[in-house]
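Read through the structure below, which is laid out as structure tokens, and then see the notes.
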Amino acid sequence: MLFRAHKGSGYQTTTSMMVDRIPFFRSLLHAVPALAAIFLGVAAAHAGELNPHDMVLLDRLTWGINPSSAAHLQAVGTERWLQEQLHPAANVGLPDVVKAQIEAMPDVHKFPFDIAVSFDQQAKSANQVADPDQRKAAQQVYQQAMNDRGRQAAARSILRALYAPDQLRERMTWFWFNHFNVHQYKANIRILVGDYEDRAIRPHALGKFRDLLLATLHHPAMLRYLDNADNAVGHFNENYAREIMELHTMGVGSGYTQADVEALARILTGVGIDVKPEDPKLKPELQSQLVREGAFEFNPARHDYGDKTFLGHTIKGRGLAEVDEAIDILVHHPATATHLARQIATYFVSDNPPQSLVQQMAQTFKATDGDIAAVLSTMVHAPEFNASLKPGTKFKDPVHYVFSAVRLAYDDKVILNTVPIQGWLNRLSEGLFNHDTPDGYAMTSASWSGPGQMMLRFEIARQIGSGSSGLFKPDVPNAVDQPAFPLIQNALYFNGLRQTLGPTTLAALDQAVSPQDWNTLFLSSPEFMR
Amino acid sequence: MNRRDLIKAFAAMAPLTVAGRVWAAPATDARLLVVFLRGAYDAANVVVPVSSDFYRTSRPTLGIAKPDVGNPNAALSLTADWGLHPALRDSIYPLWAKREIAFIPFAGTSDDVTRSHFETQDTIELGQAVSGSRDYRSGFMSRLATELTRVKPISFTEQLPLIFRGKSQVPNIGINSVGKPGVDDRQAALIKKMYAQSELASSVSEGFRVRDDVYKSISEEMNAANRGAVSPRGFELSARRIGRLMREQFNLGFVDVGGWDTHVNQGAATGYLADRLGELGRALAGFSEEIGPAGWRDTVVVVISEFGRTFRENGDRGTDHGHGSVYWVMGGGINGGRILGEQVKVEQANLFQNRDYPVLTDYRSMFAGLIQRMYGLDNPSIQRIFAGVHPAELGIV
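Given below as structure tokens:
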């Protein structure tokens, strides 16, 4: 219906005669009852204008402002909205249609361990095919199946980002994934990455940092990605130990030494992955030390039981408990509080967040034993944060850009296919689970505002703005493309967003020759990049 | 800086070093293209150690025959010890005769022996020491770009690769997927107006300029193809487009091409690897044509791969992950027609861990030596690009 309303109105041919196009769009709404009902319904929910402060707040803490989230914020008020976002219930419901899409994915009904085991068997049998060409074919089937799992995980991530009411938790889920980055194309991480996000990251995204760190440490995706699965007494691999200190906790140049890295690597020996059904062969005196949880395994035969000196502490060699002790030391190190506070503030406030803000957040981190929601609460209530809530201060990274465009264009009309979005993010070089190195994607604007990036954004703005672009054609054979059209010039626009646009942007929009063109220009505008 | 150090072709540049930065001349400037063969190509079957009996016994089904003018499947003679894969007969071999290509056997990563594609590609692209902490936002071509002025870097890849990540903003463009821009001229004009007062104004106008130039250059080629010219595909198409763009607009480029991980049925004089090589050879020859005689004289192309493959063939008529590789250096003005770098006799005793070519020329010292000569960079500059590295004196340029 919506689609036909635009396509069938003879729009392209009649607009050239229109002098003032915005009233024309409005009159179109009146002329087409279904459209008008949608718009006026939203408009009636919040008759007054949205204040710019709230609009920027929404854009800053969510995956992008849209009519329904703006209406909700206006209905409950700023502070209650903040509390909802900082302390959401464990499972605030996704819309039913989103749930149904997620439930249709095979992985969500299986234990991740079973998935890993069956993939492991598939890989083994593929490798055992005698004929080399058939073996190659079997290996390709295996690779394709892994690719498929990676795409499904990305689809889940995108659906949650677009439609979850607990938007801040979704932003933090992306942030922490990026902080504890793993790359899906290393080894078999494509089959692990969805579970990593769903079980290791999201449940702790607003919780205690220590729980989050330990959850990543126990997950096979991380142990594979940073090679700790290969770290054993006699042949150490210090890759993971270094990144825990350099990236995950204290930050580079914060006072630890190479000797500390080596000590942590020794502490982490034996922490690895095992998908075999039978336990490893162990000497009787070590058997009680074995720990297996799904694919995670602490294998005492691979552990270095010597004492270690780590950051000035003596750690008695005694098995997996050493890891907990070392993690406690790291979580309570002042450098960790500062490093994490600065990372969060860089993500939400600016490329160079005010030092005073970082200090307050770090103070909260220390005072609350690493409570992430408390740190965020300090941030959003700080005067420095409020001062930054001006339109145009924070440049969106590509993920934020694309998600915010789709949220605004379709509001709560749920897309049926995330593959176009996955493609856009890959083209913009910020694909989900796709960063190859442990540092994660850059969070500063300079990384995303170069000439090539801007051109891609305009092309993608055109794709999002000009039609449904495959978003409503389910990713199954012989799917029918459902009618849909991006409605950006909606009540939210007239009641709020329009007031945030500068005169040059308004002048450009006035020259739009069609709704498609208007959408393209709006999504390309400097205001929408921020 | 010693002017005599510069090769003839670059002598006219008269570079001027100010505070470690080279102020190079524009337009007819030195150009550098790095081609990364991802997947570890089987170097020993491309630059073949023809005088080694050990080679023949190690590769009973994969070995390439000794040079023999009567045998089209035989290696093409380079020197007494080395021959070239016959799939490169019409593309690369003529460049050898013109002394426009040199090979550096036993090249690779001296401090990375992980034999992991993932790890070693990262190692090379970062160009940093393996031990100690790494800066993942600092690829060596990005650091090179920072040291040069009037540099026009570009990555001909769908995503910005590690090698070009860093302080300077380097554009990337998936050269085979360039099509007519969706944002038309009218929209482009309106968008530029919206950004005219913004701090992104120059980024946006530069973006549209490059976009239009690239498209113009490529649509000329498409028009030619429509008039019945044979239209190249795959990497050959990429390389020809890159040649055109580096003739006109860019002078520091990177491109990668995959498909070299030949564990199974890789073939010998013909077969899978021969087909890939044929395409690579035609691509590089096509690049040299498109960049034109003047451009080619000022251009250096370096072909690298993350590591070599096992010297002995495996049970599947393929080869597995190895260590030392063979790098290629090409260009109209290089001192080519030679096999460069430290070398050892190819025999079992000289294999690394009794399985692979050793690394005798480290990739960093090779690049350091090359760019030092090409651009006349002083030592502080070189050290900012490759810390602690002693540039190799290979006499390539």
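So the protein sequences, as listed, match chains C and F. In my numbering, each residue's number is its place in the first sequence (first place is 1) plus 12. In my numbering, each residue's number is its place in the second sequence (first place is 1) plus 54. Glycine included, C-beta positions come from ideal geometry on N, C-alpha and C.
Report all residues from its chain with a CB closer than 6 Å to the CB of residue 356 of chain F; omit the five preceding and five following residues, and keep chain order.
88, 383.
Tell me whether residue 417 of chain F sits in a helix, a strand or coil according to DSSP, three-state version.
The answer is helix: DSSP assigns residue 417 of chain F an H, G or I state.
Which residues does DSSP pair with residue 382 of chain F in a beta bridge?
DSSP, once it has assigned bridges, lists F:157, F:357 as partnering residue 382 of chain F.
Taking 8 Å as the CB-CB limit, is residue 137 of chain C close to chain F?
With 8 Å as the cut-off, residue 137 of chain C does not count as an interface residue toward chain F.
Please list the terminal residues of the continuous beta strand (DSSP E) segment that includes residue 435 of chain F.
Unbroken run through residue 435 of chain F is the alpha helix (DSSP H), 433-439; no beta strand (DSSP E).
Around the C-beta of residue 471 of chain C, are 16 or more other C-beta atoms found within 10 angstroms, so that it is buried, or is it exposed?
By the 10 Å Cβ count, residue 471 of chain C comes out buried.
Residue ranges of each beta strand (DSSP E) run of no fewer than 3 residues wholly in the stretch 334-394 of chain C, ordered along the chain?
Runs found: none.
Could one say the Cβ of residue 187 of chain F lies closer than 8 Å to chain C's Cβ atoms, at least one of them?
Yes, because at least one Cβ of chain C sits closer than 8 Å to the Cβ of residue 187 of chain F.
Checking the sheet assignment: what are the DSSP bridge partners for residue 131 of chain F?
F:137.
With residue 100 of chain F and residue 139 of chain F assumed to form a contact (beta carbons below 8 Å), what rounded beta-carbon distance in angstroms separates them?
That pair is a contact at about 5 Å.
Less than 8 Å between the C-beta atoms of residue 430 of chain C and residue 165 of chain C, yes or no?
The answer is no: Cβ separation not under 8 Å.
If I follow the unbroken beta strand (DSSP E) through residue 388 of chain F, where does it start and stop?
That residue, residue 388 of chain F, is in no beta strand (DSSP E); it is neither H nor E in DSSP.
Report yes or no: do three or more beta-carbon pairs, one from the stretch 344-355 of chain F and one from the stretch 298-316 of chain F, lie closer than 8 Å?
In short, these stretches touch, since the Cβ pair count reaches three.
Residue 474 of chain C versus chain F: which residues are under 8 Å apart at the beta carbon?
Those within 8 Å of residue 474 of chain C in chain F are 236, 237, 241.
Over the uninterrupted beta strand (DSSP E) stretch that includes residue 209 of chain F, give me the two end residues.
Here the beta strand (DSSP E) through residue 209 of chain F covers 207-209.
Does the CB of residue 176 of chain F have a neighbour CB from chain C at under 8 Å?
True, the Cβ-Cβ gap to chain C drops below 8 Å.
List the residues of chain C whose Cβ lies closer than 9 Å to the Cβ of residue 206 of chain F, in chain order.
Under the 9 Å cutoff, chain C gives no residues; its nearest Cβ is about 12 Å from residue 206 of chain F.
Check the C-beta distance from residue 391 of chain C over to residue 360 of chain C and give it rounded, since I have them as a contact under 8 Å.
Indeed, because the Cβ distance is near 7 Å, the residues count as touching under 8 Å.
So with Cβ pairs under 8 Å, would you call residue 265 of chain F a contact of chain C?
Judged by the 8 Å Cβ criterion, residue 265 of chain F is in contact with chain C.
With DSSP collapsed to three states, give me the class of residue 194 of chain C.
It is coil, neither helix nor strand.
Starting from residue 304 of chain C and walking both ways along the beta strand (DSSP E), at which residues does that stretch end?
Unbroken beta strand (DSSP E) run through residue 304 of chain C: 303-305.
According to DSSP, is residue 172 of chain C part of a helix, a strand, or is it coil?
Note: residue 172 of chain C maps to helix in three-state DSSP.
Check whether the Cβ of residue 318 of chain F lies closer than 8 Å to any Cβ atom in chain C.
Chain C, which has a Cβ nearer than 8 Å to the Cβ of residue 318 of chain F, makes this yes.
Quick check on this structure: which residue in C:518, C:252, C:387 has the alpha carbon closest to the alpha carbon of residue 449 of chain C?
Closest option to residue 449 of chain C, Cα to Cα, is C:252.
For residue 350 of chain C, which residues from the same chain have a beta carbon less than 7 Å from its beta carbon, with the 5 sequence-adjacent residues on both sides left out?
370, 374.
Can you give me the start and stop residues for the beta strand (DSSP E) that residue 310 of chain F sits inside?
Residues 306-311.
Under the three-state reduction of DSSP, which class applies to residue 118 of chain F: helix, strand or coil?
If DSSP states are grouped into helix, strand and coil, residue 118 of chain F belongs with coil.
So the alpha helix (DSSP H) residue 136 of chain C belongs to, where does it begin and stop?
Taken as a continuous stretch (DSSP letters only), the alpha helix (DSSP H) holding residue 136 of chain C covers 124-140.
Closer than 9 Å, Cβ to any Cβ of chain F: which residues of the stretch 497-531 of chain C, in chain order?
Going along the stretch 497-531 of chain C in chain order, one finds 514, 516, 517, 519, 520, 521, 523, 524, 525, 529 with a Cβ nearer than 9 Å to chain F.
Restricting to runs no shorter than 3 residues, where is the beta strand (DSSP E) found entirely within the stretch 178-223 of chain C?
If we require 3 residues or more, the stretch 178-223 of chain C turns out to have no beta strand (DSSP E) run fully inside it.
Which complete alpha helix (DSSP H) runs does the stretch 426-502 of chain C hold, if anything under 4 residues is left out?
Within the stretch 426-502 of chain C, the complete alpha helix (DSSP H) runs of at least 4 residues are 431-439, 463-478.
Cα separation between residue 358 of chain C and residue 140 of chain C?
Going from the Cα of residue 358 of chain C to the Cα of residue 140 of chain C covers about 50 Å.
Does DSSP classify residue 91 of chain F as helix, strand or coil?
In the structure shown, residue 91 of chain F sits in a strand (DSSP, three-state: E or B).
Rounded to whole angstroms, what's the CA-CA distance from residue 363 of chain F to residue 96 of chain F? Just pull it up for me.
So the two alpha carbons sit approximately 5 Å from each other.
For residue 451 of chain F, list the residues DSSP reports as bridge partners.
Partner(s): none; residue 451 of chain F has no beta bridge.
Are any of the Cβ atoms in chain F nearer than 8 Å to that of residue 37 of chain C?
Note that residue 37 of chain C scores a pLDDT of 42, beneath 50, so its modelled location is shaky and nothing firm can be said.
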